[in-house]
Amino acid sequence: MNIKNYIESGILELYIAGSLSENENEEVYVAIKENPELLTEVLSIESAIVKLTAAAKKDSEYSFATIIKEIDKTETKVISITKPKTNWLQYSGWAATLLIGSTLIWSLSQNNKLKDQVASEKQQLEQQIENASNSLAEAEKLITVFRDKDIISVPLAGQQVSPNSYAKVYWDKKTKSIYLDAKGLPEPPKGKVYQVWSLKMSPLTPTSLGTIDTFTADANKIFTIKNANESEAFGITLENEGGSESPTLEQLYTLGVVAATP
Amino acid sequence: MDKLDQLILQFQAKDVKAYEKLYNMYCNSISGVVNTIVKNDDVAQEITQDVFIKAWNKSDSYSAKKGRFFTWILNIARNAAIDYTRSKKFKQSKQNLNSDFFVDILETSDSLDSSTDAIGIKEFVKKLGEKCKSVIELLFFKGYTQKEASEELDIPLGTIKTRNRNCIAELRTMVGV
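Chains as they are written, first to last, in numbering that gives the first Met the number 0: chain A, 0 to 261; chain B, 0 to 176.
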């Protein structure tokens with residue numbers, strides 16, 4: 000290689016400028032390695048270019064301190080291998096938070112459900128207690144009725160249509176009312192009601208005391224009915240809904256005569 | 000191995016002290032080149048810093064086989080500056096687009112101190128013919144390849160090479176290297 004011609008070609012200036020291809024750059028690199036004179040020339044050209052370009056710099060001050068701050072940052076970024084771990088911690092933290100949050104919401108709703116349930120159960124229980132005490136009061140009232148010497152007890156026996164039926168009337172003349180215990184009567188068929196009659200014997204004169212419309216619904220089958228008559232007997236017939244003017248004697252279920260008062 | 004080669008090796012081994020020396024050697028040149036392209040001192044300062052941070056981060060990618068270290072960092076700088084000129088930010092800002100040549104910047108530059116180099120360069124630039132101005136501008140400041148410069152200036156490929164050689168020879172005489 001003719002070193003002088005090589006230098007004179009201007010390839011080294013282009014080499015410094017970065018205007019050569021990758022292959023040309025490598026060729027120059029090899030040539031410099033083999034010929035120290037070329038390196039001297041390259042250094043000289045580079046020095047001139049560094050000075051020329053530096054002259055185009057404006058007023059701004061430059062300090063490596065600003066660079067070192069930034070490269071320190073990037074260094075810590077590179078070194079820090081715990082960073083992804085922190086991220087995982089963060090993610091699992093969020094996941095746990097989410098889990099705890101949803102569990103909390105779920106248990107809150109469960110709690111509310113339970114509260115509602117407890118409230119309705121409490122209400123039911125209160126109702127039952129109220130009913131029970133009502134029943135107790137009723138029972139006590141009945142006992143006092145049954146024990147009252149002024150109350151006349153009239154057993155009603157089953158008749159031909161329903162021999163097994165029975166009933167009992169407790170007649171309180173003072174309050175002009177009867178308590179009818181109809182526990183021994185069968186459920187009336189649909190469309191039919193029991194009708195209670197006050198009877199006078201000679202001649203047989205029936206007076207309606209009313210129909211028992213709530214027979215099926217009533218639990219203890221004890222009904223309080225007004226009776227201002229001078230009854231000699233009580234009878235219960237099965238009538239069409241709404242009741243009848245006079246008893247259908249073929250459907251007389253029970254009948255009982257009031258014992259003659261001494 | 001000369002001192003420069005050693006500094007470059009240390010730089011590649013992430014030696015901050017070695018990098019500081021390289022920075023001090025080339026920081027003004029890089030800033031000058033960037034300033035010639037972006038024509039804004041503040042932007043040039045910012046880009047120059049980015050260039051040196053980028054160079055540090057990708058120090059592995061430098062290889063002496065590919066070229067000079069100065070040329071390597073010069074390429075990073077020119078690319079960064081050219082990228083900036085393609086950005087909206089640059090297009091929106093009102094630039095003094097008349098000072099297209101590095102020589103205008105050199106002539107208006109306040110930072111040229113009284114050093115012999117600076118005076119020499121100013122003298123050089125004053126005397127520099129249009130042919131030299133444009134070829135130096137394209138090859139060193141704008142990063143044109145020999146072929147691109149040949150097309151841009153509409154002169155033969157070989158002429159670019161020799162003209163550039165002669166222009167740089169004048170400069171070298173001026174600054175005494």
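Where a beta carbon is used, it is the ideal one built from N, C-alpha and C, also for glycine.
Of all C-beta pairs linking the stretch 143–151 of chain B to the stretch 37–47 of chain B, fewer than three are shorter than 8 Å, placing the two stretches out of contact. About 7 Å separates the beta carbon of B/Phe139 from that of A/Thr52, a gap short enough to meet the 8 Å contact definition. Of the candidates A/Gly190, A/Leu97, A/Lys225 and A/Asn130, A/Lys225 places its Cα closest to the Cα of A/Trp170. The criterion of a C-beta distance shorter than 7 Å is satisfied by A/Leu155 and A/Gly255.
Close partners of A/Ser43 in chain B (Cβ separation under 7 Å): Arg171 and Val176. Within chain A, no residue has its beta carbon less than 9 Å from that of B/Val37; the closest one is some 10 Å off.
Rounded to the nearest angstrom, the gap between the Cα atoms of A/Ser132 and A/Lys140 is 12 Å.
Rounded to the nearest whole angstrom, the CA to CA distance from B/Lys121 to A/Lys56 is 13 Å. Here A/Phe214 carries a coil assignment [DSSP, helix/strand/coil]. One Cα belongs to A/Leu37, the other to B/Lys90, and the distance between them is close to 43 Å. Of A/Asn111, A/Ala232 and A/Thr247, the smallest CA-CA separation from A/Asn239 is found for A/Thr247. For A/Asn24, the nearest CB of chain B lies under 7 Å from its own CB, placing it at the interface with that chain. Per the Cβ contact rule, the stretch 216–224 of chain A is in contact with the stretch 162–181 of chain A (3 or more Cβ pairs under 8 Å).
For A/Thr65, a Cβ of chain B is located within less than 7 Å of the residue's own Cβ.
With respect to A/Ile44, A/Glu12 sits close: the two C-beta atoms are nearer than 7 Å.
Taken in chain order, the members of the stretch 152–166 of chain B whose beta-carbon sits within less than 7 Å of a beta-carbon on chain A are Lys160, Thr161, Asn163 and Arg164. In this structure the stretch 187–195 of chain A lies against the stretch 225–235 of chain A, because at least three pairs of beta carbons, one per stretch, are closer than 8 Å. Nearest in C-alpha terms to A/Leu208, of all of A/Leu179, A/Val41 and A/Tyr5, is A/Leu179. In the assembly as shown, A/Ile10 is a buried residue. Its beta-carbon has 16 or more other beta-carbons within 10 Å. Sequence-distant partners of B/Asn34 (beyond 5 residues in either direction) whose C-beta falls short of 6 Å from its own C-beta, in its chain, are Ala43. B/Gly119 sits close to B/Met173, with the two beta carbons spaced by under 7 Å. Not a single C-beta of chain A is nearer than 7 Å to the C-beta of B/Phe10.
Taking 8 Å as the upper bound for CB-CB distance, B/Ser30 and A/Tyr61 are in contact here, some 6 Å apart. Between A/Glu33 and B/Lys64, the C-beta spacing is not below 7 Å. If you draw a 10 Å sphere on the C-beta of B/Leu73, you find 16 or more other C-beta atoms in it, and that means buried.
Chain B has a Cβ within less than 7 Å of the Cβ of A/Thr52. Beta-bridge partners of A/Ala232 (DSSP): A/Leu198 and A/Val256.
For B/Ala76 against B/Val37, the beta-carbon gap comes to about 11 Å, at or over 8 Å, which does not count as contact. In the DSSP assignment, A/Asp115 forms no beta bridge with any residue. The shortest C-alpha to C-alpha distance from B/Ile52 to any of A/Ile66, A/Val144 and A/Tyr28 is the one to A/Ile66. Bounds of the alpha helix (DSSP H) holding A/Leu37 are Pro35 to Ala54.
Taking a C-beta distance under 7 Å as the contact criterion, A/Val257 and A/Val144 do not qualify as a contact pair. B/Leu170 is not a Cβ neighbour of B/Phe101, given a cutoff of 7 Å. For B/Ile81, there is no enclosing beta strand (DSSP E); the residue is part of the alpha helix (DSSP H) that begins and ends at Phe68 to Thr84. Residue burial is scored here from C-beta neighbours: A/Ala54 has at least 16 other C-beta atoms within 10 angstroms and is therefore classed as buried. Secondary structure at A/Leu208: strand, using DSSP grouped into helix, strand and coil.
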